[in-house]
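Participant:
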Amino acid sequence: MPVLESADVVLEVENLGKSFPGVRALDGVCFRLRCGEVHAVVGENGAGKSTFMRLLAGLETPDAGEIRFRGRPVRLRHPHAARQLGVAMIHQELMPFLDLTVAENILMGREPTRGPFGWVDRAAQRRDAQRLLRRLDVPVSPDCRMRELGVAEMQAVEIARAIGCRAEVMIMDEPTSALSEREARALFRVMGDLRRQGVAIIYISHRLEEVFELADTVTVLRDGRHVVTGPVNAFSRQSLIESMVGPPKSRVADFQSQIAGACLGGGAVGSDRVAAEEAAALVVRGLSRAGAFVDVSFAVHRGEIVGLTGLVGAGRTELAQVLFGLVEAEAGEVRVHGVAVRLRSPRQAIDHGIALLTEDRKHDGLVLSLPVMHNLTLSGLDCCSRGGWIDRRREEKVADALIADYGVKVAHREQSTATLSGGNQQKVALGKALLTDPDIVILDEPTRGIDVGAKAEIYRLIRRLAQSGKGILLISSELPEVLALSDRILVMRQGRLSAALDPRKTTPAEILHWAMPE
Amino acid sequence: MHPRSTRPWLARYGLLLALVGISLALSLAKPGFLTVSNLINVIRQIAINGILAVGVTYVLLTGGVDLSLGSLVALSGVAAACWAHPTEFPVVVPVLIGVLAGALCGAANGAVITWGRVAPFIVTLGMMTVARGLALVISGGKPVSNLSRAFTTLGSADVLGIPVPALILAAVALASHLCLRHLRVGRYVYAVGGNELAARASGINVAGVKLFAYTVCGACAGLAGVVLASRITTGQPNAGLAYELDAIAAVVIGGTSLSGGVGGVGGTLLGALLMGVINNGLDLLNVSSYYQQIVKGLIIVGAVWLDKRSTK
Chain D
1 MPVLESADVV LEVENLGKSF PGVRALDGVC FRLRCGEVHA VVGENGAGKS TFMRLLAGLE
61 TPDAGEIRFR GRPVRLRHPH AARQLGVAMI HQELMPFLDL TVAENILMGR EPTRGPFGWV
121 DRAAQRRDAQ RLLRRLDVPV SPDCRMRELG VAEMQAVEIA RAIGCRAEVM IMDEPTSALS
181 EREARALFRV MGDLRRQGVA IIYISHRLEE VFELADTVTV LRDGRHVVTG PVNAFSRQSL
241 IESMVGPPKS RVADFQSQIA GACLGGGAVG SDRVAAEEAA ALVVRGLSRA GAFVDVSFAV
301 HRGEIVGLTG LVGAGRTELA QVLFGLVEAE AGEVRVHGVA VRLRSPRQAI DHGIALLTED
361 RKHDGLVLSL PVMHNLTLSG LDCCSRGGWI DRRREEKVAD ALIADYGVKV AHREQSTATL
421 SGGNQQKVAL GKALLTDPDI VILDEPTRGI DVGAKAEIYR LIRRLAQSGK GILLISSELP
481 EVLALSDRIL VMRQGRLSAA LDPRKTTPAE ILHWAMPE
Chain B
519 MHPRSTRPWL ARYGLLLALV GISLALSLAK PGFLTVSNLI NVIRQIAING ILAVGVTYVL
579 LTGGVDLSLG SLVALSGVAA ACWAHPTEFP VVVPVLIGVL AGALCGAANG AVITWGRVAP
639 FIVTLGMMTV ARGLALVISG GKPVSNLSRA FTTLGSADVL GIPVPALILA AVALASHLCL
699 RHLRVGRYVY AVGGNELAAR ASGINVAGVK LFAYTVCGAC AGLAGVVLAS RITTGQPNAG
759 LAYELDAIAA VVIGGTSLSG GVGGVGGTLL GALLMGVINN GLDLLNVSSY YQQIVKGLII
819 VGAVWLDKRS TK
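Chains as they are written, first to last, in my numbering: chain D, 1 to 518; chain B, 519 to 830.
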């Protein structure tokens, strides 16, 4: 190991290791972070990035190795310890206090006080928060309750909080995964400011374009081990993916051919789709729900992938929830195979052949405390039970088939779902939704926060589903994904459908034009 | 192989080890402990708490809580006793009446919790008082006595040397184990407790599952009330005070999470047994009942603390 050579190294990590039951999540990782640099950490899901960050933020304690802050060995036994040193984490799953105001959240733990009893100076609190929010250029009132904000706004608040703590090291774990293009731009500008002020940023992202645009240095992790570190311009997109995926190289080629295939496949089903609307698998007419979307009408045909895109908060997720019976529409009509249906509960939606992959698998997709097998069969227990009695053998067979089919990497089907990586969890969620053998599949951000390898597998799966005659509504913020996969693209803007575009003729710029508020 | 199977061995077998260890220590200290008659005594003593604990396991697994158990024991005991006077009805009638009374109250709890969207703590706290009041109203505030021989033998008779209450506990525990591990509704109980939103988005009737859990819990309390009335040969409107706390303690010692989704009947039985063995042992050692309470309290907290540590 090279010794400390310059004073501008803020954080240094040597031979860091961490195990969880059955998994060596991190093994002998070395890492060095300098003042004022953006250091990207990339790797596939399960590579150990999140574990690494959790160790640095004091959310977990390492089993082995050493963390040095400004040359001094430190033990981060608690998030508070990390925060006091000036290490702040913008968490992948945000953890704000939902019932407090924005100002209270931003100044949590360091409220301006007056007098000997620590009376909170609310005016100062509000003022400080306002100042920080202005610096970030986010139009959020400090008096707003956290609960009323969207994900992007919550994230901005978290960043404001970290800046307010005068953090020297800021860890950003997939900060743009929930952001729209414009919001991401604002974030990048803030990151530039922070860098000029000497703040070191550890940046985790699956979006390699962002890595190349933002980062000074890149570190690649694979299977919990350090693979390579170097200046970003020493890598190409290709070489970075190669070191993330590792040998055998066939996987990379596979992924590329998959993407190429997905692009070409676009028009295959489209030509003979002159069929009457009645033949469509799903027809939506004049659907409205107050505060979410107004007068939405479209159709999804058998074997067709309809991409639905738009900015965060445009009403896409709410539309998916209505179509799956999670919330009720206030006006409008939904027809499945030409028959008008009322969707009052997910059970009814499933019975009508509709499936939903929810946007946030941890929130409402999976029961993490259950084993993988039980999650896989949760929606479709009919197929492996007689009366109310679960046929254990059949269930095991069904689960094994799904695990093999979707390439879920598990040690055992009884493994706790919580221990899987994001990509594998997503495959479990997908397997669960598809076990009910739906005709209409709604996918809400199916590749959010998962690595390139898993993404390619999910793309392949989506095409396969379409080819088998299912109608697919693909909700996604990633324009390349929507463009590559869809037969038709719908754009939502502020709760209304603003455009229906042909992916072979449109461009990202045009989509964005229809998505941006007028 | 079940949802706890991926936990480290200490977490899985720690409770059993503790039980064996304490039993060994007691049998060394007091030769009277490890005798057939004393062990039968132990299972007789834990039967009622065990039945309550198995019932409340369903509710705790959904992430809820039931504080009304003690009052349901009193209400169903009184209700059963009213129908158990000699030469009136066959013995199944008072038994069914008692169980039904508990089940109805449990269903009422579940209905208000699911459709009224009131917190389980509040609803069952209310039911605790309502059921106690009902027991007093039905009985006129006086113990209901003069019960038939057939009814009172339920609580005192032995079959092949094993007390009937213990056999009832065994039956309830076995049925519950099968239900939670092998029936769809049992699986759904775990799912609802583990992540209610995901359960709903998976097409599970969450309200129905909760209603089921509270109803089963109430029915178990009803059964426990019948057994108690039979054992003390009267329907006591003041019986069962604070029984719910011992029952919940047994479940929690048995490794079921108060936040739901993790645990099971096996642990609950072990928990109830551990509490019973320790009570019995302290009795044999002539420890005053005042100190016994302190010990019990420490064990509840200590067991959960150890469980948390070993699963980390």
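Positions of the beta carbon are idealized from the N, C-alpha and C atoms, including for glycine.
Quick caveat: nothing in here was measured; it's all calculated off a predicted structure.
Along the chain, where does the beta strand (DSSP E) containing D:Ser288 start, and where does it finish?
Facilitator: Note, D:Ser288: beta strand (DSSP E), 282-289.
Participant: Could you check whether the Cβ of D:Gly431 sits closer than 7 Å to any heavy atom belonging to the ligand MN?
Facilitator: The model on display carries no ligand, and the ligand MN is accordingly not part of it.
Participant: Runs of 4 residues minimum, wholly inside the stretch 546-599 of chain B: which ones carry the alpha helix (DSSP H) assignment?
Facilitator: List check, alpha helix (DSSP H) in window: 554-579.
Participant: Restricting to runs no shorter than 3 residues, where is the beta strand (DSSP E) found entirely within the stretch 14-40 of chain D?
Facilitator: Those beta strand (DSSP E) runs which fall completely within the stretch 14-40 of chain D and span 3+ residues are 23-34.
Participant: Just checking: is the beta-carbon of B:Val554 within a distance shorter than 8 Å of some beta-carbon in chain D?
Facilitator: No, B:Val554 lies away from the interface with chain D (no Cβ there is under 8 Å from its Cβ).
Participant: Can the beta-carbon of D:Leu430 be found closer than 8 Å to that of D:Tyr459?
Facilitator: No, Cβ-Cβ distance for D:Leu430 and D:Tyr459 is not below 8 Å.
Participant: Can you name the residues that DSSP bridges to D:Tyr203?
Facilitator: For D:Tyr203, which the question treats as bridged, DSSP gives the partners D:Ala40, D:Met172.
Participant: Please list the partners that D:Ser379 has in chain B, where partner means a Cβ-to-Cβ separation under 9 Å.
Facilitator: Within 9 Å Cβ-Cβ: Ala719, Ser720, Gly721, Ile722.
Participant: Would you kindly work out how many angstroms separate the C-alpha atoms of D:Glu330 and D:Leu490, rounded to a whole number?
Facilitator: Roughly 22 Å between the two C-alpha positions.
Participant: Assign B:Tyr808 to one of two classes, buried (16 or more other C-beta atoms within 10 Å of its C-beta) or exposed (fewer than that).
Facilitator: That one is exposed.
Participant: Indicate the three-state DSSP secondary structure (helix, strand or coil) for D:Thr447 in the structure shown.
Facilitator: It is coil, neither helix nor strand.
Participant: Can you tell me which residues form a DSSP beta bridge with D:Phe69?
Facilitator: DSSP, once it has assigned bridges, lists D:Leu11, D:Arg72 as partnering D:Phe69.
Participant: Going by Cα to Cα distance, which pick from B:Ile656, B:Arg635, B:Val630 is closest to B:Met645?
Facilitator: The option with the nearest alpha carbon to B:Met645 is B:Val630.
Participant: Give me the Cα-Cα distance between D:Glu148 and D:Gln426, rounded to the nearest whole angstrom.
Facilitator: Roughly 27 Å between the two C-alpha positions.
Participant: Look up B:Trp823 in the DSSP assignment and say whether it is helix, strand or coil.
Facilitator: In this structure, B:Trp823 counts as helix in the three-state DSSP scheme.
Participant: Interface residues of chain D around B:Arg827 at Cβ under 7 Å?
Facilitator: Those do not exist, as B:Arg827 stays about 14 Å from chain D at its closest Cβ, beyond 7 Å.
Participant: Taking DSSP as the reference, what is the three-state secondary structure of D:Arg488?
Facilitator: Strand at D:Arg488.
Participant: Give the DSSP bridge partners of D:Trp573, in chain order.
Facilitator: Examination of residue 573 of chain D is not possible in this model, given that chain D is present from 1 through 518 alone.
Participant: Mind checking which residues open and close the alpha helix (DSSP H) that includes D:Met191?
Facilitator: 181-196 is the extent of the alpha helix (DSSP H) around D:Met191.
Participant: Leaving out five residues on either side along the sequence, give the residues of the same chain with a beta carbon under 8 Å from the beta carbon of D:Ala160.
Facilitator: If we look at D:Ala160 and ignore the five residues flanking it on each side, its Cβ neighbours are Ile106, Ala129, Leu132, Leu133, Arg135, Leu136, Val138.
Participant: Name the chain D residues that come within less than 8 Å of B:Gly726, Cβ to Cβ?
Facilitator: In chain order: nothing, as chain D lies at least about 10 Å away.
Participant: Would you tell me roughly how many angstroms separate the C-alpha atoms of B:Val805 and B:Phe551, rounded to the nearest one?
Facilitator: One C-alpha to the other measures close to 15 Å.
Participant: Counting only C-beta atoms, is B:Gly712 closer than 8 Å to chain D at any point?
Facilitator: At least one chain D Cβ lies under 8 Å of B:Gly712.
Participant: What does D:Asn432 touch in chain B if you count any residue whose Cβ is under 8 Å from its own?
Facilitator: In the sequence under discussion, the amino acid at residue 432 of chain D is Lys, which differs from the Asn named in the question. Correct list: Ser720.
Participant: By Cβ distance below 8 Å, which residues in the same chain neighbour D:Lys505 in space, the five residues on each side in sequence not counted?
Facilitator: Taken in chain order, the list of residues that qualify is empty.
Participant: Is there at least one Cβ from chain D nearer than 8 Å to B:Val822's Cβ?
Facilitator: No - not a single Cβ of chain D is within 8 Å of the one on B:Val822.
Participant: Given a cut-off of 8 Å on the beta-carbon distance, is the pair B:Val727 and B:Val707 in contact?
Facilitator: Yes, the pair counts as a contact, with Cβ atoms nearer than the cut-off.
Participant: Starting from D:Trp119, follow its DSSP beta bridges and name the residues at the other end.
Facilitator: D:Trp119 is bridged to D:Arg114.
Participant: For the stretch 438-446 of chain D against the stretch 155-173 of chain D, are there 3 or more C-beta pairs whose distance is under 8 Å?
Facilitator: No contact exists between the stretch 438-446 of chain D and the stretch 155-173 of chain D.
Participant: Considering only their Cβ atoms, is the gap separating D:Pro346 from D:Leu326 smaller than 8 Å?
Facilitator: Against a cut-off of 8 Å, the Cβ pair of D:Pro346 and D:Leu326 comes out as a contact.
Participant: Of the choices B:Val795, B:Gly772, B:Gly753, B:Gly815, whose alpha-carbon is the least far from that of B:Val655?
Facilitator: The shortest C-alpha separation from B:Val655 is found at B:Gly753.
Participant: Cβ of D:Arg68 less than 8 Å from any chain B Cβ?
Facilitator: Chain B contact via Cβ: absent.
Participant: What residue does the alpha helix (DSSP H) around D:Pro346 start on, and which one ends it?
Facilitator: 346-351 is the span of the alpha helix (DSSP H), which, as asked, contains D:Pro346.
Participant: Between B:Gly582 and chain D, is any beta-carbon pair separated by less than 8 Å?
Facilitator: Not one chain D Cβ lies under 8 Å of B:Gly582.
Participant: Any beta carbon of chain B sitting closer than 8 Å to that of D:Ser530?
Facilitator: Any question about residue 530 of chain D goes unanswered here, given that chain D covers just 1 to 518.
Participant: Inspect the CB distances between the stretch 696-703 of chain B and the stretch 314-322 of chain D and report whether three or more fall short of 8 Å.
Facilitator: The stretch 696-703 of chain B is not in contact with the stretch 314-322 of chain D.
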